[in-house]
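Visitor: Sequential numbering of the sequence shown, starting at 18, is according to our numbering. Glycine is no exception: its CB is placed at the ideal position from the N, C-alpha and C atoms. These numbers were taken from a predicted model, which means no experiment stands behind them. Here's a structure for you.
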Amino acid sequence: MGRYKKILVAVDGSESSMHALRESFKLAKNEQSWITVVSVAPPYEGDLAMTVIGNVQKAIKEPFEKALTEAEKIAKAEGLLIKTVYMEGEPYEGIVDIAAAEHGDLIVMGRKGLSRFERILMGSVTARVIGHTLCKILIVPKEAKLSFEKILIATDGSMHSEFASHEAIDIAKRSGSALIVLSVAKKDENLPTAKGCVDIVKRVAEKEGIKVETLIRKGVPHEIIVNTGAHEDVGLIVIGSHGRTGITKLFMGSVTERVIGHAKCAVLVWKL
Numbered sequence: 018m019g020r021y022k023k024i025l026v027a028v029d030g031s032e033s034s035m036h037a038l039r040e041s042f043k044l045a046k047n048e049q050s051w052i053t054v055v056s057v058a059p060p061y062e063g064d065l066a067m068t069v070i071g072n073v074q075k076a077i078k079e080p081f082e083k084a085l086t087e088a089e090k091i092a093k094a095e096g097l098l099i100k101t102v103y104m105e106g107e108p109y110e111g112i113v114d115i116a117a118a119e120h121g122d123l124i125v126m127g128r129k130g131l132s133r134f135e136r137i138l139m140g141s142v143t144a145r146v147i148g149h150t151l152c153k154i155l156i157v158p159k160e161a162k163l164s165f166e167k168i169l170i171a172t173d174g175s176m177h178s179e180f181a182s183h184e185a186i187d188i189a190k191r192s193g194s195a196l197i198v199l200s201v202a203k204k205d206e207n208l209p210t211a212k213g214c215v216d217i218v219k220r221v222a223e224k225e226g227i228k229v230e231t232l233i234r235k236g237v238p239h240e241i242i243v244n245t246g247a248h249e250d251v252g253l254i255v256i257g258s259h260g261r262t263g264i265t266k267l268f269m270g271s272v273t274e275r276v277i278g279h280a281k282c283a284v285l286v287w288k289l
């Protein structure tokens, strides 16, 4: 898997996206990564007279263009060189297309302070990017500080979580992180399976000389994962995505979606 050689950061001028940008620079320095910052302004689809449309389009574009100018200032202050890309169109499509064109290893996106409903159903640009891209995605909440000192792996034994676990182990090996491996059983009869899941990851991590703690819990998976992350004060949660579902390719696994919506720390979603 290796380090993240090319990182793409999506910004829209919001405080949350600019915070994610700053945190991504920390990662880029550690990983010696190339960074592309992309800003995609949505098209105006209203019904206005032609004389008015030009002003509306200018107003729509302005915060996205300003975001790239601000990104360049921040990068310069950090001693980093970045590439900036401005596009107009459907935001998630632009982000996914540029990541593919740039052969990106990781997409970084911010997360706003979501309402209760939005946390339950993330019908957002982020959800669509995760549903369509082939890249790994790092979601950084508005007030989270990205840290690899302690990483939480959530595993259910699926192929998605198996690859996510290897990703977390790889990061931990490069960064000297401690790992917490968690598996959540919904019922008592699922506890032996959960134990088997964490034991497999533990064996692999210990072979790499990584300090590992295992946890087995019973309850609602996303609640346990989020609460464990907060209680253990982890800097990163690593979790697998169910990837593409159905014809539209828009939906993640419900557990992953809810972890992203509720976690106080950054969440890395591994894609097949």
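M176: buried (16+ other C-beta within 10 angstroms of its C-beta) or exposed?
Guide: Its Cβ having fewer than 16 others within 10 Å, M176 is exposed.
Visitor: Should A293 be labelled buried (16 or more other beta-carbon atoms within 10 Å of its own) or exposed?
Guide: What is shown of the chain runs 18 to 289, which leaves residue 293 out entirely.
Visitor: Are the CB atoms of V54 and I99 nearer to each other than 9 Å?
Guide: Going by C-beta atoms, V54 is nearer than 9 Å to I99.
Visitor: Once DSSP output is grouped into helix, strand and coil, what is the label at T143?
Guide: T143: helix per DSSP, three-state reduction.
Visitor: With Y21 as the anchor, note down where its beta strand (DSSP E) starts and where it stops.
Guide: Y21 -> no beta strand (DSSP E), and no H or E assigned at all.
Visitor: Taking the C-alpha atoms as reference points, what is the distance between K212 and P80?
Guide: If I take the Cα positions, the gap works out to 49 Å.
Visitor: With H, G and I counted as helix, E and B as strand and the rest as coil, what does DSSP make of M67?
Guide: Only weak support is given to the placement of M67: the predicted model assigns it a pLDDT of 48, under 50, and the question is left unresolved by the model.
Visitor: Does the separation of the CB atoms of L155 and L163 fall below 9 Å?
Guide: Yes, the pair counts as a contact, with Cβ atoms nearer than the cut-off.
Visitor: For the beta strand (DSSP E) containing P60, list its first residue and its last residue.
Guide: P60 -> no beta strand (DSSP E), and no H or E assigned at all.
Visitor: Using DSSP with H/G/I as helix, E/B as strand and the rest coil, what is T101?
Guide: The answer is strand: DSSP assigns T101 an E or B state.
Visitor: Out of A189, V237, V221 and G193, which has the shortest C-alpha to C-alpha gap to V255?
Guide: Residue A189 is the option with its Cα nearest to V255.
Visitor: If S258 and I147 are in contact, beta carbons under 8 Å, what's the gap, nearest whole angstrom?
Guide: Rounded, the Cβ-Cβ distance is 6 Å, consistent with contact.
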